[in-house]
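Asks: One structure follows; several queries about it will come next.
Protein chains: 2
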Amino acid sequence: MAAKRSGAQGKRSQRMGVEPPPQPNSEPALSLDRIVLTAVELLDAQGVDGLTMRRLADRLGSGVMSLYWHVDNKESVFDLALDSVLGYRGSPQIVGAQDWRTEIIDMLEDWRASMLRHPWSVSLLSSRALGPNILSRLELLGKTLSRAGVADADLNVAIWSLWNYLMGATITRTSFDLSGGDRAASQPRAGEPYPTIERSRLLCDDDWIGIFRKGLDALLVGLAPSQNRSLK
Amino acid sequence: MAAKRSGAQGKRSQRMGVEPPPQPNSEPALSLDRIVLTAVELLDAQGVDGLTMRRLADRLGSGVMSLYWHVDNKESVFDLALDSVLGYRGSPQIVGAQDWRTEIIDMLEDWRASMLRHPWSVSLLSSRALGPNILSRLELLGKTLSRAGVADADLNVAIWSLWNYLMGATITRTSFDLSGGDRAASQPRAGEPYPTIERSRLLCDDDWIGIFRKGLDALLVGLAPSQNRSLK
DNA sequence: ATAATGACTCGTATAGCGTACGAGTCAATC
DNA sequence: GATTGACTCGTACGCTATACGAGTCATTAT
Chain A
1 MAAKRSGAQG KRSQRMGVEP PPQPNSEPAL SLDRIVLTAV ELLDAQGVDG LTMRRLADRL
61 GSGVMSLYWH VDNKESVFDL ALDSVLGYRG SPQIVGAQDW RTEIIDMLED WRASMLRHPW
121 SVSLLSSRAL GPNILSRLEL LGKTLSRAGV ADADLNVAIW SLWNYLMGAT ITRTSFDLSG
181 GDRAASQPRA GEPYPTIERS RLLCDDDWIG IFRKGLDALL VGLAPSQNRS LK
Chain B
233 MAAKRSGAQG KRSQRMGVEP PPQPNSEPAL SLDRIVLTAV ELLDAQGVDG LTMRRLADRL
293 GSGVMSLYWH VDNKESVFDL ALDSVLGYRG SPQIVGAQDW RTEIIDMLED WRASMLRHPW
353 SVSLLSSRAL GPNILSRLEL LGKTLSRAGV ADADLNVAIW SLWNYLMGAT ITRTSFDLSG
413 GDRAASQPRA GEPYPTIERS RLLCDDDWIG IFRKGLDALL VGLAPSQNRS LK
């Protein structure tokens with residue numbers, strides 16, 4: 001009988017040394033990496049509901065059940081795809097010379113951009129466990145905040161607040177992108193009892209990144225000690 | 233042939249005056265209200281994936297296809313259930329006498345509590361259109377911020393920042409509640425390269441409401457003008 | 001050389017899903 | 001008495017994830 005581990009991965013990786021024949025024509029043989037990569041492609045193209053095991057197998061030129069050798073179930077495909085997309089290579093060489101404030105802002109903006117590049121990742125991230133890439137980002141965030149002078153007692157509040165803000169902003173951005181038509185249509189309705197919303201054209205404002213930056217700035221003002229706020 | 237409107241609702245509501253016989257025993261006859269109410273029950277009990285048209289019909293004692301007379305499709309069941317759960321009756325009589333700060337905090341905490349009472353609502357809210365109840369809350373938020381001295385030019389940033397923070401916090405809260413076991417298990421792993429996270433026990437901190445309040449406070453500090461911040 | 005093992009693929013089958021279609025029931029109206 | 005429209009629901013279709021078990025093939029053991 002077959003072994004079929006239950007952990008995360010690593011079934012055919014120990015076949016080191018001799019690689020199987022490169023299969024001159026046709027498909028290049030199934031592998032976890034290829035599955036995850038194709039899953040990301042499919043998610044990018046068709047969204048969360050567009051990823052089915054059948055379609056995934058079709059794209060890979062394999063039978064559906066062959067996937068289940070490399071992968072526990074569909075959920076784990078989501079997990080692997082999500083993790084593969086959220087890596088942060090940062091700017092570690094230049095890091096340290098920078099202001100802590102711009103360092104945090106850079107990292108969070110990169111995070112946001114990564115998620116927006118793969119909009120399905122946002123909804124998945126909020127319902128799945130934290131992978132190593134995510135934990136690394138949180139660690140970097142905590143370290144930078146600490147270096148900026150945030151007391152240990154306030155550290156969790158600061159980290160979670162930034163996390164919450166980032167998640168909310170990104171989710172809102174993607175979901176309003178989808179239903180954009182409705183939003184624009186629902187805004188300028190006159191006679192409705194939303195005068196303030198209408199006046200500020202809240203639902204028409206599409207300067208997403210500007211709003212994100214300004215709100216982030218405000219949050220950092222409230223979170224970090226007032227020191228260290230001389231030059232911008 | 234039947235009419236079967238396509239808008240939002242209102243198919244049997246025009247049967248005014250004479251109500252159908254109260255059906256002495258058995259089930260009390262299908263109606264949109266009853267469907268929505270039962271859908272909320274089912275969502276509360278079984279979560280988003282637990283709501284299927286078959287189960288809903290079973291609970292209602294009706295055939296599956298009978299639902300489709302009252303409702304366009306499953307998506308609209310979600311929409312209706314969501315809207316029915318997010319109403320805000322506020323504290324309008326006492327309002328105005330209160331500090332704007334506590335007024336905003338009260339409203340947002342109530343909002344958070346409403347969503348946590350029906351955890352499925354969080355994930356739905358971030359992927360569906362804004363219903364009237366939500367718009368009313370946004371209007372109240374904008375009005376209060378305006379009254380607090382936030383300039384019109386900064387109003388959108390303030391509203392969206394609070395919205396983002398609220399959504400992120402609530403989503404995080406519910407999703408970490410689900411996978412709580414993993415979280416506690418993944419935290420104290422020694423030897424891993426997350427010293428800051430471990431030191432602050434970020435993933436073990438379960439003072440959700442405390443973190444929410446403190447972060448909200450920080451955000452308001454950054455968003456609102458520095459005036460008006462004497463007594464707390 | 002033969003046998004055995006383990007890695008891997010995949011056809012078939014099951015149970016569940018949303019919903020289109022069309023036939024049926026029943027009260028009110030013409 | 002016939003017609004209409006509101007409403008219910010059985011059946012069927014095409015889709016889903018995946019359990020099960022049989023089959024292929026290269027490597028290793030004997």
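Residue numbers (the numbering used here), protein chains in the order written: chain A, 1 to 232; chain B, 233 to 464. All residues carry an ideal CB built from backbone N, CA and C; glycine is no exception.
#1: Kindly list the residues whose CB is nearer than 7 Å to the CB of ARG379(B), restricted to its own chain and excluding five residues on each side of it in sequence; keep chain order.
#2: How would you label PRO260(B), buried or exposed, when you count the other beta carbons within 10 angstroms and need 16 or more for buried?
#3: Just the Cα atoms here: how many angstroms apart are PRO254(B) and LEU269(B)?
#4: How long is the line joining the alpha carbons of PHE78(A) and VAL71(A), rounded to whole angstroms?
#5: How many angstroms separate the CA atom of MET297(B) from the CA atom of ILE267(B)?
#6: Among GLU307(B), ALA277(B), ILE366(B), SER432(B), which one has its Cα closest to the Cα of TRP395(B)?
#7: What in chain A is Cβ-close to GLU341(B), meaning under 7 Å?
#8: For ARG173(A), is the classification buried or exposed, using 16 other Cβ atoms within 10 angstroms of its Cβ as the cut-off for buried?
#9: Taking a contact to mean a Cβ-Cβ separation below 9 Å, would you say GLY363(B) touches LEU314(B) in this structure?
#10: By Cβ distance below 8 Å, which residues in the same chain neighbour ASP386(B) in space, the five residues on each side in sequence not counted?
#11: Whole-angstrom Cβ separation of LEU312(B) and LEU292(B), contact assumed at under 8 Å?
#12: For TYR88(A), would you say it is in contact with chain B, using Cβ-to-Cβ distances shorter than 9 Å as the test?
#13: So is ARG333(B) in contact with chain A if we call contact Cβ pairs under 9 Å?
#14: Could you list which residues in chain A have their beta carbon closer than 7 Å to that of ASP304(B), in chain order?
#15: Whole angstroms are fine: how far does the CA of VAL382(B) sit from the CA of VAL481(B)?
#16: For ARG112(A), count the other beta carbons within 10 Å of its own beta carbon; 16 or more makes it buried, fewer makes it exposed. Which is it?
#17: Within 9 Å (strictly less), CB to CB, does MET16(A) reach chain B?
#18: Under a three-way DSSP split, which group does VAL64(A) fall into?
Replies: Well, looking at it:
#1: Within the second sequence, residue 379(B) is the residue found at index 147, counting from 1. Taking C-beta separations shorter than 7 Å and ignoring five residues to either side along the sequence, the partners of ARG379(B) in its chain run TRP332, following chain order.
#2: In the second sequence, the residue the question calls residue 260(B) occupies position 28. With fewer than 16 other Cβ atoms within 10 Å, it is exposed.
#3: Along the second sequence, one-based indexing puts residue 254(B) at 22. Along the second sequence, one-based indexing puts residue 269(B) at 37. Confidence in PRO254(B) is poor, its pLDDT being 44 and thus under 50, which makes the residue's placement unreliable; the coordinate value appears in the next sentence. Answer to the nearest angstrom: the Cα atoms are 19 Å apart.
#4: Along the first sequence, one-based indexing puts residue 78(A) at 78. Along the first sequence, one-based indexing puts residue 71(A) at 71. For PHE78(A) and VAL71(A), the distance between alpha carbons rounds to 11 Å.
#5: The residue labelled residue 297(B) in the question sits at position 65 within the second sequence. The residue labelled residue 267(B) in the question sits at position 35 within the second sequence. Rounded to the nearest angstrom, the two C-alpha atoms are 13 Å apart.
#6: Taking the first residue of the second sequence as 1, we reach residue 395(B) at position 163. A check of alpha carbon separations from TRP395(B) across GLU307(B), ALA277(B), ILE366(B), SER432(B) identifies ILE366(B) as the nearest.
#7: As a first step, residue 341(B) must be located in the second sequence, where it is residue number 109. Neighbours of GLU341(B) on chain A: none; closest Cβ ~14 Å, over 7 Å.
#8: Numbered from 1 along the first sequence, position 173 holds the residue referred to as residue 173(A). With 16 or more Cβ atoms within 10 Å of its Cβ, ARG173(A) is classed as buried.
#9: Mapped onto the second sequence, residue 363(B) falls at position 131. Mapped onto the second sequence, residue 314(B) falls at position 82. Yes.
#10: The residue you call residue 386(B) lines up with position 154 of the second sequence. Within the same chain, LEU455 come within 8 Å of ASP386(B) by CB-CB distance, once the 5 residues on both sides are set aside.
#11: The residue labelled residue 312(B) in the question sits at position 80 within the second sequence. The residue labelled residue 292(B) in the question sits at position 60 within the second sequence. About 14 Å; that fails the 8 Å criterion.
#12: Along the first sequence, one-based indexing puts residue 88(A) at 88. No, because no Cβ of chain B sits closer than 9 Å to the Cβ of TYR88(A).
#13: The count along the second sequence starts at 1 and reaches residue 333(B) at position 101. At a cut-off of 9 Å between beta-carbon atoms, ARG333(B) makes no contact with chain A.
#14: To locate residue 304(B), count along the second sequence from 1; it is residue 72. The premise fails here: ASP304(B) is roughly 15 Å from chain A at the closest Cβ pair, so nothing lies under 7 Å.
#15: There is no way to answer for residue 481(B), as the model of chain B reaches only from 233 to 464.
#16: Taking the first residue of the first sequence as position 1, residue 112(A) is located at position 112. ARG112(A) should be labelled buried.
#17: Position 16 of the first sequence, counting from 1, holds the residue named residue 16(A). Unreliable positioning characterises MET16(A) in this predicted model, as indicated by a pLDDT of 37, which lies under 50. A coordinate reading is not provided.
#18: Taking the first sequence and counting its residues from 1, the one referred to as residue 64(A) is at position 64. Of the three classes helix, strand and coil, the one that applies to VAL64(A) here is helix, per DSSP.
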